[in-house]
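Add 875 to a position in the sequence shown, counting from 1, and you land on the number used in the working numbering. Take a look at the structure set out below.
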Amino acid sequence: MTRSESEPQRLSVGLRVNLNKKLDDLIIRVFKFDILFLISTIVVFILLLKLKFIRLFSRTNLNSILEFMTSRFWPPETSSVVQENIRFALWETIQMAFIATYFGTLMSLPVALLASRNLTPNYISTPFRLFLASIRTIPSLIWALTFVIIFGLGPRAGTIALSFYTMGYLSKFQYETFEGLLSDAVEALTALGASKIQIIRYVILPESANQLISQILFMFEYNIRAGSIIGFVGAGGLGFLLSYYLSYFQFHAMLTTLIYLFITIITIDFISGLIRKRFHDPKFDDLSV
876 MTRSESEPQR
886 LSVGLRVNLN
896 KKLDDLIIRV
906 FKFDILFLIS
916 TIVVFILLLK
926 LKFIRLFSRT
936 NLNSILEFMT
946 SRFWPPETSS
956 VVQENIRFAL
966 WETIQMAFIA
976 TYFGTLMSLP
986 VALLASRNLT
996 PNYISTPFRL
1006 FLASIRTIPS
1016 LIWALTFVII
1026 FGLGPRAGTI
1036 ALSFYTMGYL
1046 SKFQYETFEG
1056 LLSDAVEALT
1066 ALGASKIQII
1076 RYVILPESAN
1086 QLISQILFMF
1096 EYNIRAGSII
1106 GFVGAGGLGF
1116 LLSYYLSYFQ
1126 FHAMLTTLIY
1136 LFITIITIDF
1146 ISGLIRKRFH
1156 DPKFDDLSV
């Protein structure tokens, strides 16, 4: 057998070995996932039994819940005064979410770069990671309550609370994205003597742009939902209105508020999906070259 004839055979054997190795790795990962899922299911089932949670789904309880919902909440309030109040509070919530996402993004990007282990040494990245973890540890409702105490009632406290919370979570998403990038281009520019600023400008940000945009849109959606909750502690928005209706047992108006919120969330989710699809189009990948 000549050298030219044996070369394709060696390549074929190498490809089969590589394929078998990848299949083995895939089988191992699937097996680990199945084991983890089985253990989680058993743990959840034990907890449900311990907490007697299954009793909530008895026929008596379900009938009681259905009767309460139909008698207290239905039909929704349709008066012009209630709807005007809801639209005002909803617009206030959207403004809070937009401003919080904007300032949270401005704060998160430099912090995420400093927290990335592939861009900064451990003595710099570790303190920033601990700082971000401390922000995420505190729920957004507690942040809102803290700033309500400092700045008083109203949307200003809610906007500042959401801005800090956005920075905490968005920075985590971003530095994980930066660390997941292929290091070939970074090493090549480093070998050519490029500075950290140049590497960030010409490699890190362009290569991760699509993911960063998706993360920002996700946080905006989240802030709409969170903005409807933090109002319960006086931070403005729909939450403040929901708290008022709940306190005075105005359940019909409360249902109308929830319907407005549901339609808003669905609309924003649809628009965000269109934007994500546009930026994930392959033709936009050329922008990062």
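For each residue, glycine too, the CB sits at the ideal point set by N, CA and C.
For residue i and residue j, I'd like the C-alpha separation in whole angstroms.
{"i": "tryptophan 949", "j": "alanine 1008", "result": "43 Å"}
{"i": "aspartate 1144", "j": "leucine 989", "result": "31 Å"}
{"i": "isoleucine 903", "j": "leucine 911", "result": "12 Å"}
{"i": "glutamate 967", "j": "leucine 1121", "result": "19 Å"}
{"i": "histidine 1127", "j": "phenylalanine 1137", "result": "15 Å"}
{"i": "lysine 1071", "j": "tyrosine 977", "result": "25 Å"}
{"i": "serine 1118", "j": "tryptophan 1018", "result": "18 Å"}
{"i": "phenylalanine 1026", "j": "isoleucine 1099", "result": "21 Å"}
{"i": "isoleucine 1075", "j": "serine 1083", "result": "10 Å"}
{"i": "serine 1163", "j": "threonine 1021", "result": "Note that serine 1163 scores a pLDDT of 38, beneath 50, so its modelled location is shaky and nothing firm can be said."}
{"i": "aspartate 1160", "j": "threonine 1001", "result": "With a pLDDT of 45 at aspartate 1160, under the threshold of 50, the predicted position of this residue should be treated as unreliable, though the coordinate-derived value follows. Taking the straight line from one Cα to the other gives about 32 Å."}
{"i": "isoleucine 1024", "j": "valine 1108", "result": "10 Å"}
{"i": "proline 1157", "j": "threonine 1012", "result": "Because the pLDDT at proline 1157 is just 49, under 50, the model does not fix this residue reliably, and the value given afterwards should be weighed accordingly. Near 37 Å, if we compare the C-alpha coordinates of threonine 1012 and proline 1157."}
{"i": "glycine 1106", "j": "isoleucine 1141", "result": "21 Å"}
{"i": "lysine 1152", "j": "phenylalanine 1093", "result": "13 Å"}
{"i": "proline 1014", "j": "glycine 1029", "result": "19 Å"}
Would residue i and residue j be called neighbours here (beta carbons separated by less than 8 Å)?
{"i": "glycine 1102", "j": "methionine 971", "result": "yes"}
{"i": "glutamate 1096", "j": "serine 1046", "result": "no"}
{"i": "glycine 1112", "j": "glycine 1043", "result": "no"}
{"i": "serine 954", "j": "glutamate 1054", "result": "no"}
{"i": "glutamine 958", "j": "threonine 1139", "result": "no"}
{"i": "leucine 1056", "j": "isoleucine 1079", "result": "yes"}
{"i": "leucine 1133", "j": "alanine 964", "result": "no"}
If contacts are defined as beta-carbon pairs under 8 Å, then residue i and residue j qualify, I think. What distance do you get, rounded to the angstrom?
{"i": "serine 1038", "j": "glycine 979", "result": "5 Å"}
{"i": "threonine 1041", "j": "alanine 975", "result": "6 Å"}
Task: Whole runs of the alpha helix (DSSP H) within the segment 1092-1161, excluding any shorter than 4 residues - done: 1113-1122, 1126-1154
Task: Segments of 4+ residues assigned as alpha helix (DSSP H) that fall wholly inside the segment 937-1021 - done: 955-990, 997-1012
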